[in-house]
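First comes the structure, then the notes that go with it.
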Amino acid sequence: MFEVFIETIQGIWGSSGLRVLVETIDWQAVLMIAISFVLMYLAIVKGFEPLLLLPIAFGMFLTNLPMAEMFHMEFFTDPKGNIPWGELLHDGGLLDFLYIGVKLGIYPSLIFLGIGAMTDFGPLIANPKSFLLGAAAQAGIFLTFLGAIALGFSYDIAAAIGIIGGADGPTAIYVAKTLAPTLLGSIAIAAYSYMALVPMIQPPIMKALTTKKERAVVMQQLRPVTKTEKILFPIFVTLIISLLVPSATPLLGMLMLGNLMKESGMVDRLVKTAQNELMNIVTIFLGVSVGATATANYFLTWETIKIIVLGLIAFCMGTACGVLFGKVMYIATKGKVNPLIGSAGVSAVPMAARVSQKVGAEENPTNFLLMHAMGPNVAGVIGSAVAAGVLLSIFA
Amino acid sequence: MIDWGFSLAVVITGLVVVFAVLVILVLLCSIMGSVFKSMNSKKDSKPEAPKPEKKAEISRTAAPMKAAAPVVEAGIPGEVVAAISAAVSCMMGSNQAFAVRKISRAKGGRPAWNAAGIAENTHPF
């Protein structure tokens, strides 16, 4: 009886992760687990994008546990994008199956459906010139692309890194899963971390590039937008963008579908599902599976450090380009546009618009820029999706 | 070996395409806006015909009131009218005759309660 007990304990010990950890002492895995704890701390205690950072951090924790066999990056690194379905079904772990939604581009598109169902394009329709600010802020993507090339990254990886400057998590994931699957974890974590840090990154740049007089500009009230305009907008935008940049259609099509459902006012149940249940389910799957890609051998590299630095540069460049274009509009309109709304051209909805509001209110507490900044903010979502489409059409 | 010519071409192409697509959307929204504006203005101009009669009615009823009481904008309570009249009387002095003809809200500024409400809602940002 005692022998059976000992053999059972030996069997459990032999297949345990603790044995692997003690016998092989994989310091890289231990370090990755420690990093996941830091990210969990940032999400829970500091409140940095907790809805995504928490599942990402836990996915990172799970994937680095020895012997758990939750995720196998090797299934998804084929240069031609082929997935070994037989092996996957036979040997795959839970996170491998969840990751298929990322690999096939399903989760980012479904997240865009939810975002569309929550977005009011009214400020953008009322002031269409806001589109230009959304376009200007995308310059950060392309300038960072050049920086990444200079640091020795290949073209496709440089494009995936540049898209961090779009400040749009789902778009960054959508591009990275195709152009740089092995760096998806690093890119997603950089993108979401900087999005959480928008209130700290943007204000110094906005203040440095604008004068007190420019920041104090009070903008005219926006015209009311009719329901018909709001219904026609998603249809026309989908039509135009799909015809011009077809590779942006999955993201933009779903964004506009969600918005059309909301504006039609006829499918409240679907809108509520897209805004809440579906969005939340997909957020969990996306977060955990993206975190799972951050295994030690792919994450603990110089590339990750370079991506973190380049991501910050991309954010700063996007903000600066948006504000500078805002200044151009300030001059062109003879002082009617507050350049601070330009920084909201990087997506990060609605955080970037809130930052414009906050910095504007510091100069004039009765100045309410929030609705004016929402125009470039949602234009930034469209702009970054178009930029992603352009990069995918060139490099995918 | 980095091909900077290709890299720059990607940057320029990307920026041009993003701007071009969004400029098309600017034009589309502007056209849509102006079409709807003109449609709304047509709708507004149609029922304008009976308006003069209404105005005439108002002026007819307002004329005899003018001598007795000031024209007060709807929503301003009698106590406020009394307080304003008292304040004016106090400032003008009792020797000078005066008449309050009209009391209306100042235009352009945001009402204090609205401003306070907006400030409250946007404060956390």
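For the protein sequence lines, the chains are A and B, in the order given.
Last residue of the first sequence: number 396 in our numbering, and the count goes up by one each step with no gaps.
Last residue of the second sequence: number 521 in our numbering, and the count goes up by one each step with no gaps.
The beta carbon of each residue, even a glycine, is placed where N, CA and C say it ideally should be.
Given A385/A as reference, the closest of V414/B, T409/B and D399/B once Cα atoms are compared: Measuring C-alpha to C-alpha distances from A385/A to each of V414/B, T409/B and D399/B identifies V414/B as the nearest.
Closer than 8 angstroms is the cut-off here; do at least three beta carbon pairs connect the region 231-240 of chain A with the region 365-381 of chain A? Flag = no, the region 231-240 of chain A and the region 365-381 of chain A do not touch.
Mind checking which residues open and close the alpha helix (DSSP H) that includes T283/A? Looking at the DSSP string, the run of the alpha helix (DSSP H) that includes T283/A is E277 to A292.
I want to verify the contact list: residues of chain B whose CB lies under 8 angstroms from the CB of K334/A, in sequence order. At a C-beta separation below 8 angstroms, K334/A has no neighbours in chain B, since its nearest C-beta there lies roughly 19 angstroms away.
I398/B, DSSP secondary structure in three states: Residue state, collapsed to three classes: coil.
Judging by CA-CA distance, which residue of E263/A, L251/A and G311/A is the nearest neighbour of I382/A? Looking at the Cα atoms, L251/A is the closest of the given residues.
Do S343/A and T319/A count as a contact pair if the criterion is CB distance below 8 angstroms? Cβ distance < 8 angstroms, so T319/A and S343/A count as in contact.
Checking contacts by CB at 8 angstroms: is I398/B closer than that to chain A? Closer than 8 angstroms: yes.
Coil, strand or helix - T457/B by DSSP: The pLDDT assigned to T457/B is 49, lower than 50, so where the model puts this residue is not dependable; a value taken from the coordinates is nonetheless given after this. In this structure, T457/B counts as helix in the three-state DSSP scheme.
Less than 8 angstroms between the CB atoms is what I'm expecting for L98/A and F299/A, so what's the real figure, rounded? Between F299/A and L98/A the Cβ distance is about 18 angstroms, and since that is not below 8 angstroms, they are no contact.
Give me whichever residues DSSP pairs with K433/B in a beta bridge. In the DSSP secondary-structure assignment, K433/B is not bridged to any residue.
Taking a contact to mean a Cβ-Cβ separation below 8 angstroms, would you say A57/A touches L39/A in this structure? Taking 8 angstroms as the Cβ cut-off, A57/A and L39/A qualify as a contacting pair.
Taking the C-alpha atoms as reference points, what is the distance between V527/B and V378/A? Absent from the model: residue 527/B. The displayed extent of chain B is 397 to 521, so no value can be given.
What are the complete beta strand (DSSP E) segments, minimum 3 residues, inside the region 177-213 of chain A? Here no run is fully enclosed.
Can you name the start and end residues of the alpha helix (DSSP H) that V346/A belongs to? No residue range can be given for V346/A, since it is assigned to no alpha helix (DSSP H) and is classified by DSSP as neither H nor E.
Option nearest C425/B by Cα separation, candidates L124/A, V267/A and I394/A: Per the Cα distances, L124/A.
With 16 other CB atoms within 10 Å as the buried threshold, where does S36/A fall? So S36/A ends up on the buried side.
Along the chain, where does the alpha helix (DSSP H) containing T226/A start, and where does it finish? Taken as a continuous stretch (DSSP letters only), T226/A belongs to no alpha helix (DSSP H), as it is neither H nor E.
Alpha carbon to alpha carbon, what distance is there between I307/A and D168/A? Rounded to the nearest angstrom, the two C-alpha atoms are 16 angstroms apart.
D151/A: first and last residue of the uninterrupted alpha helix (DSSP H) it sits in: Note that residue 151/A corresponds to Leu in the displayed sequence, not to Asp. The continuous stretches of alpha helix (DSSP H) do not include L151/A, and DSSP gives it neither H nor E.
Under 7 angstroms Cβ-Cβ, which residues of chain A neighbour A511/B? Simply T366.
So who's on the other strand from K498/B, going by DSSP bridges? For K498/B, which the question treats as bridged, DSSP gives the partners V467/B.
Look at the alpha carbon of E69/A and the alpha carbon of K177/A, and state the distance between them as a whole number of angstroms. Looking at the two C-alpha atoms, the distance is approximately 21 angstroms.
Burial state of G474/B, where buried means 16 or more other Cβ atoms lie within 10 Å: Exposed.
Which residues in the same chain have their Cβ closer than 6 angstroms to the Cβ of F2/A, if we skip the five residues on either side of it in sequence? Cβ neighbours of F2/A beyond the five flanking positions: none.
Beta carbon of A159/A, beta carbon of F315/A: below 8 angstroms? With contacts defined by Cβ atoms closer than 8 angstroms, A159/A and F315/A do not form a contacting pair.
Cβ-based burial, F494/B [other Cβ within 10 Å; buried from 16]: When all chains shown are included, F494/B counts as exposed.
If contact is defined by three or more beta carbon pairs under 8 angstroms, each pair taking one atom from either stretch, is the region 146-166 of chain A in contact with the region 268-278 of chain A? Segment contact: the region 268-278 of chain A against the region 146-166 of chain A, fewer than three CB-CB distances shorter than 8 angstroms; contact not assigned.
One question on the structure: do I163/A and A388/A come within less than 8 angstroms of each other, judged by their Cβ atoms? Contact flag set, yes.
Run down chain B in chain order and give the residues with a C-beta less than 7 angstroms from the C-beta of A57/A. Residues of chain B whose Cβ lies closer than 7 angstroms to the Cβ of A57/A do not exist, since the nearest Cβ in that chain is about 25 angstroms away.
Taking 8 angstroms as the cut-off, does the region 120-140 of chain A touch the region 189-204 of chain A (at least 3 CB pairs, one atom from each stretch)? Contact between the region 189-204 of chain A and the region 120-140 of chain A is absent: fewer than three C-beta pairs spanning the two stretches fall below 8 angstroms.
Hey, could you find the ends of the alpha helix (DSSP H) E3/A is sitting in? Per DSSP, E3/A belongs to the alpha helix (DSSP H) from F2 to G14.
Can G291/A and G59/A be called in contact, C-beta distance under 8 angstroms? The answer is yes: Cβ separation under 8 angstroms.
Three CB pairs or more closer than 8 angstroms across the region 400-409 of chain B and the region 143-150 of chain A: The answer is yes - the region 143-150 of chain A touches the region 400-409 of chain B, with three or more Cβ pairs under 8 angstroms.
Is there a Cβ of chain A sitting closer than 8 angstroms to that of M428/B, yes or no? By this cut-off, M428/B is an interface position.
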